[in-house]
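Before any comments, here is the structure.
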Amino acid sequence: MTKIIIDPGHGGRDPGAVWPPYREKDWALDISLHLAESLSNMGFLVSLTRETDITLTPQERTMIVRESGAATCISNHINSGGGRGAEVIHSIFSNGKLAGHILDELVKAGQQRRRIYSRESTTYPGRDHFFMNRDTGKVETVIVEYGFIDHQVDRQALANPTYRRQLALATAKGVATYFNRAGQVKEASSNISSFASCLSPVTQKISSSKLVKEQQEYY
Numbered sequence: 003m004t005k006i007i008i009d010p011g012h013g014g015r016d017p018g019a020v021w022p023p024y025r026e027k028d029w030a031l032d033i034s035l036h037l038a039e040s041l042s043n044m045g046f047l048v049s050l051t052r053e054t055d056i057t058l059t060p061q062e063r064t065m066i067v068r069e070s071g072a073a074t075c076i077s078n079h080i081n082s083g084g085g086r087g088a089e090v091i092h093s094i095f096s097n098g099k100l101a102g103h104i105l106d107e108l109v110k111a112g113q114q115r116r117r118i119y120s121r122e123s124t125t126y127p128g129r130d131h132f133f134m135n136r137d138t139g140k141v142e143t144v145i146v147e148y149g150f151i152d153h154q155v156d157r158q159a160l161a162n163p164t165y166r167r168q169l170a171l172a173t174a175k176g177v178a179t180y181f182n183r184a185g186q187v188k189e190a191s192s193n194i195s196s197f198a199s200c201l202s203p204v205t206q207k208i209s210s211s212k213l214v215k216e217q218q219e220y221y
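Per the numbering used here, numbering through the sequence shown is continuous, rising by one, with the last residue being 221.
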């Protein structure tokens, strides 16, 4: 059974990008929980780095991913800084196919295409710039930016829970296509309160931990 770990970006004392009253950490978690349910319904073994609003340092987050035994990590984020649309970041050692499948499905779901890219570190030549790509070991990690919180059109769309579920399903379709399971995609339910019982043990153990955030950017 293929294992997938989902990383809802930020959390706890780290809100991520903010446009009051909206916070990246909340939207990232919501999308991640719906994505987890969709992938679990398809037969993937799913865990998350967090399933509640806890704080994780970059070191703790990447350690969870490395030790998960997963084939792939989907790190979910909301962008900011002047732009519009979805983008997916992959490792410099990846062929970008997973990122491409995900972005194609996000566009089909109604989001504007921004770009797919990777970036080499200037501090660590020959390694990835983004720590989620650089420090997650053998796990193929992609960072999915679903839109810009500081762009009015993106923000209004992302504020809609139904649209966030659609984006989660789109990402699930992209993952399914990558693993040749496109015919097995099932949408997550709107009620995710009972989903914890479907998660692998690593997620439930992590969610009960007391963790501290060390400020460090994903990008």
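Ideal Cβ placement from N, Cα and C applies to all residues, glycine included.
Checklist entry - Where do the ends of the beta strand (DSSP E) carrying Ile91 lie? => result As a position in the sequence shown, residue 91 is number 89, starting the count at 1. Start and end: Ala88 to His92.
Checklist entry - When burial is assigned at 16 or more other CB atoms within 10 Å of the CB, is Tyr119 buried or exposed? => result The count along the sequence shown starts at 1 and reaches residue 119 at position 117. Classification of Tyr119: exposed, given that the 10 Å Cβ count is below 16.
Item to check | Three or more C-beta pairs below 8 Å linking the region 41 to 50 and the region 171 to 184 | outcome: yes
Checklist entry - Can you list the alpha helix (DSSP H) stretches of 4 or more residues lying completely in the region 37 to 98, in chain order? => result 60 to 68
Next on the checklist: As an exercise, report each continuous alpha helix (DSSP H) stretch of at least 4 residues that is fully enclosed by the region 114 to 196, in chain order.
Outcome noted: 133 to 136, 154 to 160 and 163 to 180
Checklist entry - Skipping 5 residues on each side, what residues in its chain have a beta carbon closer than 6 Å to that of Gly71? => result The residue labelled residue 71 in the question sits at position 69 within the sequence shown. Once the five neighbours on either side are set aside, the close Cβ partners of Gly71 are Lys5.
Checklist entry - Can you give the Cα-Cα distance for Ala73 and Lys140, rounded to whole angstroms? => result Here residue 73 refers to the residue found at position 71 of the sequence shown. Here residue 140 refers to the residue found at position 138 of the sequence shown. Each residue's alpha carbon lies about 8 Å from the other.
Checklist entry - Under the three-state reduction of DSSP, which class applies to Gly11: helix, strand or coil? => result In the sequence shown, residue 11 corresponds to position 9, counting from 1. If DSSP states are grouped into helix, strand and coil, Gly11 belongs with coil.
Checklist entry - Alpha carbon to alpha carbon, how far is Arg15 from Thr57? => result Position 13 of the sequence shown holds residue 15. Position 55 of the sequence shown holds residue 57. If I take the Cα positions, the gap works out to 6 Å.
Item to check | Proximal residues to Phe133 (C-beta, below 6 Å), its chain only, five neighbours per side dropped | outcome: Within the sequence shown, the letter at position 131 stands for residue 133. These residues qualify, in order along the chain: Pro60.
Item to check | Segment contact flag, the region 78 to 87 with the region 142 to 158, C-beta cutoff 8 Å, min 3 pairs | outcome: yes
Item to check | Closest by C-alpha distance to Trp21, when choosing among Ala172, Tyr165, Thr164 and Leu160 | outcome: Residue 21 sits at position 19 when you count from the first residue of the sequence shown. Nearest of Ala172, Tyr165, Thr164 and Leu160 to Trp21, Cα basis: Leu160.
Next on the checklist: For a quick check, are the C-beta atoms of Gln114 and Arg136 less than 7 Å apart?
Outcome noted: Taking the sequence shown and counting its residues from 1, one reaches residue 114 at position 112. Taking the sequence shown and counting its residues from 1, one reaches residue 136 at position 134. Contact flag unset, no.
Checklist entry - Between Thr164, Ser123, Ser34 and Leu41, which lies nearest to Thr222 when the distance is taken from Cα to Cα? => result This structure leaves residue 222 out entirely; the chain is present only between 3 and 221.
Item to check | Beta-carbon separation (whole angstroms), Thr125 vs Ser93, contact threshold 8 Å | outcome: Looking up residue 125 in the sequence shown gives position 123. Looking up residue 93 in the sequence shown gives position 91. Incorrect: roughly 16 Å between the Cβ atoms, too far for contact.
Checklist entry - How close, in whole Å, do the beta carbons of Arg117 and Glu89 come, if the pair is a contact with beta carbons under 8 Å? => result Mapped onto the sequence shown, residue 117 falls at position 115. Mapped onto the sequence shown, residue 89 falls at position 87. 5 Å between Cβ atoms; contact.
Checklist entry - Taking just the CA atoms, how far does Thr138 sit from His153? => result For the purposes of this step, residue 153 is taken as residue 151 along the sequence shown, with counting starting at 1. For the purposes of this step, residue 138 is taken as residue 136 along the sequence shown, with counting starting at 1. Going by the C-alpha atoms only, they are around 31 Å apart.
Checklist entry - How long is the line joining the alpha carbons of Phe197 and Asp55, rounded to whole angstroms? => result Translated into the one-based positions of the sequence shown, residue 197 becomes position 195. Translated into the one-based positions of the sequence shown, residue 55 becomes position 53. Low confidence applies to Phe197: its pLDDT is 44, below 50, so where it sits in the model is not reliable, and the reading given next is rough at best. Looking at the two C-alpha atoms, the distance is approximately 16 Å.
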